[in-house]
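Protein chains in written order, with this note's numbering: chain A, 1 to 283; chain B, 1 to 283; chain C, 1 to 283; chain D, 1 to 283. Cβ coordinates follow ideal geometry from the N, Cα and C atoms, glycine included.
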């Protein structure tokens, strides 16, 4: 039950496109992200969602991010909700979206927590849960039972420990992730030098792309956007996780080729997503 | 009365440029677009209008879009009007413009509807009517008789049904579009996998450019900007529709060559408009 | 007294650079520009000023343009003044600047007029006077006697007629420009298909660069920025006008090569200024 | 004790990267910068900090810069503090940062001065002190004794004279810099045509990269960002100063190759930092 996602494996996961695609086919994605001073995390995840092929990308962000998001990404529709301008709260009905990603730069305000708890109860289709949404889940473990099956968690090592408690080493981390994925029927993307996608059926897929230049702020936000876009395009969670992690790393490798590992940014990575998809298509 | 707009047909439609062009020649275009959270639609249509060659591009947008538009597109002049900051209403006198495009991201507030109704009564030269301006027209069918002759509607299938009622299949859709175009002496651009330009004289021109990667948010906004720019440059409505739809698709094909169908965005398409024009000029 | 500014003539005007240049050498330029809805004109002129080599570029703009300018051009320092947020008024002391360009998108509010009149009385070194600053001068002809000698006016044909009254044809326009330049000891840049630089000594220099694709909004704003930057770098007014008009056209020609005459924008032109300078240096 | 930092010397200073880098390794950098009208200085320094490889870049800026910074650089986290919207004051606890750079566009308000004085007392690890932070230090010489050892000052000639008093010539400037560096156990980067890095041990390292096109607004802000990023990546101060000054000049040389010395901007330089690093790695 150990696998590697290399180019051949990733290519096999990719959907073909037909001429008669329309916006519905590419799907409607929503990112719930951002808080005062961390609106960039929302921008990066929405940007990655666009570049990973979502048909319509929307963002639910705090009011303090309104002009920022609309200026940065004209393709993204913006909703703001809640009386506090600095955080997201009071989610509107979100039934129109094919996929929801939540967490980048979100903050942990109790109003945000309350709204997220409410969303988790109502959601049926799988979500992508990242960053502060992981941290809030860790603090509200009762949510785990209510979470849509096959949701995807994307913790870095510290976030993972918040979720499951202290972990002694890499080996134990993987074991605990398998346990967690099985118990809650979810996908755990354990981010690290060799990111592991841990499935609810016990499979572990090690990614083969990526480089140290990705160990920078915004890299995880980009991954959340990619995974949400893939879910919106009707990839199942396991495929979305394996393919998304592969593409994220491949785009990072292309960014490193262009600007070097030291200088490359999350935006550079996002701008290479198109070429990462094309490499798979044409190789 | 069935035609195809291929490269040769499109090239024949293109105006030559002379050295003594001045701003007046390229024309004055106005986009009326945007509402809270959908200012990006206004930005995309104005951006496409610039890149499709309008001499002066102005935008009438809600106040909540002021800084966004001025930051994104320094070449565009901005007007805001109305007491509600989130929508466009209370149109100022618009006689100075050679062409007006209305609809992208506009919303359907009753104040917007009232202002649009007033505009339609006053306008003499053809307009481009897209998105929510189509939806509002569908709800105010009395406007149709007052609409400037040879205006261009750009509905996607659902918008078209709002305008004419339920349609059983592609064949009926075309028949109804011909009927509608003839009755109201307008042009219908039926957007889809093979976009059809339906003229008031019964001609149907199928477009030969474009790809599934264009089935994403913002693509239609770009088309509205292109058509408005062509009207401003004194193309007649039929020519503007055929040529504009062709260029939109050709730019989309160039964008797909650069970034792939999955990753390409409406902004990518817009940035390729220059090369799409050049391909026609030089081929 | 008729000349052509071709590549050889322009090259002869260009200053050499020495290693020991410092910010002082490149000079301090100020643009006074913009009003509500026309902040883009201020952005374009400041952008062109940067790209034409000013050491420090500042902008005096209305408060409604503050975030727009600072977001668009981090290299530009911004001042806002006056109680009305939509216009520029109440100029602060401006003695620290080596060159001032005024007019793009400025509007004609009487408070702006009053402030401009005050500036003209105090200024000693030549200014660049464009757009609404020309229109305001036309309405306040008493300013002309007080204007710093060797200032540069950059009227398009209509603005020129506002300044000197109706003109029957191109021949009369040139004659009147020579008269005006001599009387007020200034430079007139008569913008048109073949822009003419008319000097106070009776010389007329016809420019040989440029193309119809430049006949679009923002093109004149860019020229103002270029001329201001050249004055700041201690070019005399006659040289700045001849060289600046040449470079503006050459950059426009490069922009047309890249994006075509139809699609090219003022920003495209500005982004080619570096290559226009390099062409002169290396040809 | 006179050295030259050429490509070979700079290459020897560069750290290798290992696969197991994570955000912690690249370090957490903070820029304290900006004031009303000079937010661009904060943007440029944060941009350079990103491109010089900091793992996480944060900016403490005045409230009037919030949207500007978040729009320009989504990778940067923003903090605003203080009741005056136009300046930075009332620094929050800053213990979480591996390196702090302070000064670009900061202004000299007494509240900013007070906050900076407080920061200097508390800081243990070396800081980068630039622009108005140098000017404020010059006016508060008591800070010098409390400054973290091995901090880096980056004065241009006038700022240096404010710090140490009038200087007759280049020779005296260097002598005084050596004295100052030794007394306060700091690094002085004397900016000029041949920038000199003066260490506390008496060594002087002359830089061999750079060109007159860098003598423009924003160039120094970029250097501050680079130095802060290198400190965050655990370069010691002497190495950071020598390597950072070298890379700054090398990126400027690449920018000049692309856009020419006249047209190149600080942003152009920053965008070449990746290639400057790569040149060292691969040469």
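Indicate the three-state DSSP secondary structure (helix, strand or coil) for residue i in the structure shown.
i, result
"residue 207 of chain B", "strand"
"residue 32 of chain D", "strand"
"residue 60 of chain C", "strand"
"residue 99 of chain B", "strand"
"residue 153 of chain C", "strand"
"residue 23 of chain D", "In this prediction, residue 23 of chain D scores a pLDDT of 49, lower than 50, which makes its location untrustworthy; no coordinate-derived value is stated."
"residue 123 of chain D", "coil"
"residue 43 of chain D", "helix"
"residue 226 of chain D", "helix"
"residue 167 of chain C", "coil"
"residue 14 of chain C", "coil"
What residue does the alpha helix (DSSP H) around residue i start on, and which one ends it?
i, result
"residue 3 of chain C", "Taken as a continuous stretch (DSSP letters only), residue 3 of chain C belongs to no alpha helix (DSSP H), being part of the beta strand (DSSP E) at 2-5."
"residue 267 of chain C", "266-271"
"residue 249 of chain B", "237-263"
"residue 69 of chain D", "66-72"
"residue 132 of chain B", "131-139"
"residue 146 of chain A", "143-146"
Can the beta-carbon of residue i be found closer than 7 Å to that of residue j?
i, j, result
"residue 328 of chain A", "residue 49 of chain A", "Since the first residue of chain A shown is 1 and the last is 283, residue 328 of chain A is not available in this structure."
"residue 86 of chain A", "residue 104 of chain A", "no"
"residue 248 of chain D", "residue 262 of chain D", "no"
"residue 132 of chain C", "residue 108 of chain C", "yes"
"residue 162 of chain D", "residue 138 of chain D", "yes"
"residue 11 of chain C", "residue 56 of chain C", "no"
"residue 253 of chain D", "residue 209 of chain D", "yes"
"residue 94 of chain B", "residue 79 of chain B", "no"
"residue 245 of chain A", "residue 195 of chain A", "yes"
"residue 67 of chain B", "residue 242 of chain C", "no"
"residue 184 of chain B", "residue 144 of chain B", "yes"
"residue 38 of chain A", "residue 77 of chain D", "yes"
My guess is that residue i and residue j are in contact by the Cβ rule of under 8 Å, so how many angstroms apart are they, rounded?
i, j, result
"residue 187 of chain D", "residue 237 of chain D", "5 Å"
"residue 44 of chain D", "residue 222 of chain D", "6 Å"
"residue 189 of chain D", "residue 153 of chain D", "7 Å"
"residue 218 of chain B", "residue 271 of chain A", "About 17 Å; that fails the 8 Å criterion."
"residue 13 of chain C", "residue 281 of chain C", "Incorrect: roughly 12 Å between the Cβ atoms, too far for contact."
"residue 211 of chain C", "residue 274 of chain B", "Not really, about 14 Å apart at Cβ, beyond 8 Å."
"residue 26 of chain A", "residue 191 of chain B", "Their Cβ separation, rounded to whole angstroms, is 15 Å, which puts residue 26 of chain A and residue 191 of chain B out of contact at 8 Å."
"residue 5 of chain C", "residue 207 of chain C", "5 Å"
"residue 120 of chain D", "residue 32 of chain D", "Rounded, the Cβ-Cβ distance is 11 Å, inconsistent with contact."
Can you name the start and end residues of the beta strand (DSSP E) that residue i belongs to?
i, result
"residue 77 of chain A", "77-80"
"residue 188 of chain D", "187-190"
"residue 197 of chain A", "196-198"
Task: Proximal residues, the segment 70-100 of chain A versus chain B, C-beta separation under 8 Å - done: Look at the segment 70-100 of chain A: the residues with a C-beta under 8 Å from a C-beta of chain B are 70, 71, 73, 74, 75, 76, 77, 78, 79 and 80.
TODO: Check distances from the C-beta atoms of the segment 36-63 of chain D to those of chain A and list, in chain order, the residues that come in under 8 Å.
DONE: Answer set for the segment 36-63 of chain D: 50, 51, 52, 53, 54, 55, 56 and 57.
Open item on the list: Against chain B, which members of the segment 259-279 of chain A pass a CB distance test of less than 8 Å?
Closed with: Cβ contacts with chain B: 273, 274, 275, 277 and 278.
Open item on the list: At a CB distance below 7 Å, what residues from the segment 212-230 of chain D approach chain C? Give them in sequence order.
Closed with: Listed by position, the residues of the segment 212-230 of chain D near chain C (Cβ gap below 7 Å) are 212, 215, 216, 217 and 218.
Open item on the list: Give me the subset of the segment 227-258 of chain D whose CB atoms are less than 8 Å from a CB atom of chain C, sorted by chain position.
Closed with: Result list: 258.
Open item on the list: Closer than 8 Å between beta carbons: that is the criterion. Which residues of the segment 185-206 of chain B meet it against chain A?
Closed with: Listed by position, the residues of the segment 185-206 of chain B near chain A (Cβ gap below 8 Å) are 192 and 193.
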